[in-house]
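To start, the structure under review is shown below, and the notes come after it.
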Amino acid sequence: MTRPGAGALGTGAEACVGGGVVRAFSDYSLAELEKLFAAWGHKPVHAARLLRAGYADGAGLAALDAAPADRRWPEDLAARVREEIAAGRAESVARSVAEDGTAKLLLRLADGRTVETVLMPDFRADRAAGCVSSQVGCAMGCDFCATTKTGFERNLTAGEITEQFLALRREARASGRTLQTLVFMGMGEPLLNLDAVLAAVERIADNRVGGLGWRQITISTVGIIPGIEALTATGHNFHLAVSLHAPDDATRAQLLPMGKRFPIADILAAADRFQASRGRPVTIQYCLLKGVNDAPAQARQLAEVLGGRRMHVNLLRYNPTGLSLRGHTYERTSDEAADVFAAELRARGAVAHFRRSRGREIDAACGQLRRREAAAGAAERSTHNV
Ligand code: SF4
26 MTRPGAGALG TGAEACVGGG VVRAFSDYSL AELEKLFAAW GHKPVHAARL
76 LRAGYADGAG LAALDAAPAD RRWPEDLAAR VREEIAAGRA ESVARSVAED
126 GTAKLLLRLA DGRTVETVLM PDFRADRAAG CVSSQVGCAM GCDFCATTKT
176 GFERNLTAGE ITEQFLALRR EARASGRTLQ TLVFMGMGEP LLNLDAVLAA
226 VERIADNRVG GLGWRQITIS TVGIIPGIEA LTATGHNFHL AVSLHAPDDA
276 TRAQLLPMGK RFPIADILAA ADRFQASRGR PVTIQYCLLK GVNDAPAQAR
326 QLAEVLGGRR MHVNLLRYNP TGLSLRGHTY ERTSDEAADV FAAELRARGA
376 VAHFRRSRGR EIDAACGQLR RREAAAGAAE RSTHNV
């Protein structure tokens, strides 16, 4: 593990100008910036130009200074943007890079809270995938997850989610890669912060702004059925991933308290409706936990539950996170047992893949870097108090 230390992201918490709270570059949708520029007496077209330039490599407002000589911004517009729009709302306070190139960033927000975001290199040397958080902490209480141990603090704003995307684009660019796909699988349950998530996705996907494309984005949920229905209703072409982690409701409820509220059959019915409306397979996430959900009989039961659905099962290898909320110590399934589980699924017609385990030595499971940094900060504070 290397830990190059903290680096600036944007200019941090420039939240006040002239005594008033200002919005940051990442807070603006295209329509909002067009309206603002029009109110300032400038052509709205400059709004799309500025957003596109600022999102292209994650530079944000620094794009104002990078414009070539023949494409300079009107000087009075550039001056007013610098004066009235904050450059950023987050700064990088920790960065860990694993041997496989996985980079985990801890971003501190304007209110001092922190979130994690991760860049994962692709098999192709020039590509990478990003993973962003949607909330600070999480209320879902999944027993094997590090994030939930610190509880839920608050929803992220669309700007704070977008800020992670910009940071990932900068990180990708610095490592000679292009950020190709984005998943909402970091801290938090995206469907419990749906308005902000959708507003951020719109900016990130839109060709006039982030330009990543709808199909390059995956939104993951523990199975919040009203949220899945709301995603279906948007008509947008992103992917949906549903975390099942068990083939039956009783086992699932032990692992995910939310499982008591939404039965597997109802979740899959909602996923069916999403899939039917998009024509592309939903991903079923299944984190293998030794002796809990990884028996061959459970694989057979999962295949039966999925029936003939054209969904993809994504098998995840667990990164241990220590003692769980309910006092369990979950363990990683052995390679042999994982292979048997996958073979049982495939023998019954299910499409099953293993997701590559990323950056194990850098606390790659969500919430671990944040907890480690919080513990280090607490230790430092107590040292200072001595
Ligand atoms: S696994 Fe995801 S939904 Fe579950 S507690 Fe962790 S962050 Fe929340």
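Under the numbering used here, the residues of the sequence shown are numbered 26 to 411, in order. C-beta atoms are modelled at their ideal positions from N, C-alpha and C, and glycine is treated no differently. Please read these numbers as outputs of a predicted model, since none were measured by experiment.
query: Is Glu-100 helix, strand or coil when you go by DSSP?
result: helix
task: Just the C-alpha distance for Phe-169 and Arg-351, rounded to the nearest angstrom, thanks.
output: The straight-line gap from Cα to Cα measures roughly 9 Å.
- prompt: Would you call the CB atoms of Ile-249 and Leu-281 closer than 9 Å?
  reply: Here Ile-249 is not near Leu-281, since their CB atoms are 9 Å or more apart.
message: At the level of alpha carbons, what is the spacing between Phe-287 and Leu-269?
response: 11 Å
- prompt: Whose C-beta lies closer than 7 Å to the C-beta of Thr-257 among residues of the same chain, with five residues either side of it excluded?
  reply: Arg-298, Phe-299 and Ser-302
query: Which residue's Cα is closest to the Cα of Ile-186: Leu-341, Cys-163 and Gly-211?
result: Gly-211
message: Applying the 10 Å Cβ sphere with the 16-neighbour rule, what's the burial state of Val-42?
response: Any answer about Val-42 is weak, because its pLDDT of 38 lies below 50 and its placement is not dependable; what the coordinates show is given next. That one is exposed.
- request: With DSSP collapsed to three states, give me the class of Ser-302.
  value: helix
query: Comparing alpha-carbon positions, which option in Gly-260, Arg-233, Ile-229 and Arg-198 lies nearest Leu-207?
result: Ile-229
task: Use the C-beta contact count for Val-106: other C-beta atoms within 10 angstroms, 16 or more gives buried, fewer gives exposed.
output: buried
task: Use the C-beta contact count for Leu-348: other C-beta atoms within 10 angstroms, 16 or more gives buried, fewer gives exposed.
output: exposed
- request: Would you grab the beta carbon distance between Ala-49 and Ala-150 for me? Rounded to a whole angstrom, and I think it's under 8 Å.
  value: Not quite, the Cβ-Cβ distance comes to about 33 Å (not below 8 Å), so this is no contact.
field: Assigned exposure category for His-378 - 16 Cβ within 10 Å defines buried
entry: Looking at its Cβ environment, which holds fewer than 16 other Cβ atoms inside 10 Å, His-378 is exposed.
query: With distances taken between CB atoms, is the gap from Cys-131 to Glu-124 smaller than 9 Å?
result: Checking the sequence, you will find Leu at residue 131 rather than Cys. Against a cut-off of 9 Å, the Cβ pair of Glu-124 and Leu-131 comes out as no contact.
- prompt: Applying the criterion that 16 or more other CB atoms from any shown protein chain within 10 Å of the CB defines a buried residue, is Val-161 buried or exposed?
  reply: buried
- prompt: Considering only the beta carbon of each residue, do Gly-374 and Gly-316 sit closer than 9 Å?
  reply: no
- prompt: Is Cys-426 near ligand 1, with its Cβ less than 8 Å from a heavy atom?
  reply: Coverage of the chain is limited to positions 26 through 411, which leaves residue 426 absent and any answer about it impossible.
- prompt: Should Val-70 be listed as close to ligand 1, given that the test is whether its C-beta is under 8 Å from any heavy atom?
  reply: no
task: Can you tell me which of the three DSSP states Met-283 falls into?
output: helix
His-378 - DSSP class collapsed to helix/strand/coil: strand
- prompt: What number of angstroms, rounded off, separates the C-alpha of Ala-115 from the C-alpha of Gly-184?
  reply: 10 Å
query: Since Thr-173 is in the alpha helix (DSSP H), which residue starts that stretch and which ends it?
result: Note, Thr-173: premise wrong, no alpha helix (DSSP H); not H, not E.
- request: Check whether the Cβ atoms of Leu-191 and Tyr-311 sit closer than 9 Å, and answer yes or no.
  value: no
task: Report the partner residues of Phe-209 according to the DSSP bridge assignment.
output: For Phe-209, which the question treats as bridged, DSSP gives the partners Ile-244.
- request: Please say whether Ala-88 and Leu-75 have beta carbons closer to each other than 9 Å?
  value: yes
message: For the alpha helix (DSSP H) containing Arg-77, name the first residue and the last one.
response: Taken as a continuous stretch (DSSP letters only), the alpha helix (DSSP H) holding Arg-77 covers 70–81.
task: Using the Cα positions of Ala-271 and Pro-69, report the straight-line distance between them to the nearest angstrom.
output: 51 Å
field: As assigned by DSSP and simplified to three states, the class of Met-26
entry: With a pLDDT of only 33 at Met-26, under 50, the local geometry of the prediction cannot be trusted, and the value read off the model is given with reservation. Coil, per DSSP.
- prompt: Curious, which full-length alpha helix (DSSP H) runs of at least 4 residues does the segment 90–164 contain?
  reply: 100–109
message: On the criterion of 16 or more Cβ atoms from any shown chain inside 10 Å, does Thr-172 qualify as buried, or is it exposed?
response: buried
message: Just checking Gly-284 against ligand 1 - is the residue's beta carbon closer than 8 Å to any of the ligand's heavy atoms?
response: no
Proximity of Arg-77 and Arg-233 at Cβ, strictly below 9 Å: yes
task: Enumerate, from N- to C-terminal direction, the unbroken alpha helix (DSSP H) stretches of 4 or more residues contained entirely within the segment 304–361.
output: The qualifying runs are 321–331.
task: Assuming Leu-331 and Ala-367 form a contact by the criterion Cβ under 8 Å, report the distance between their Cβ atoms to the nearest whole angstrom.
output: Rounded, the Cβ-Cβ distance is 14 Å, inconsistent with contact.
- request: Give a single yes or no on whether Leu-370 has its beta carbon closer than 8 Å to a heavy atom of ligand 1.
  value: no
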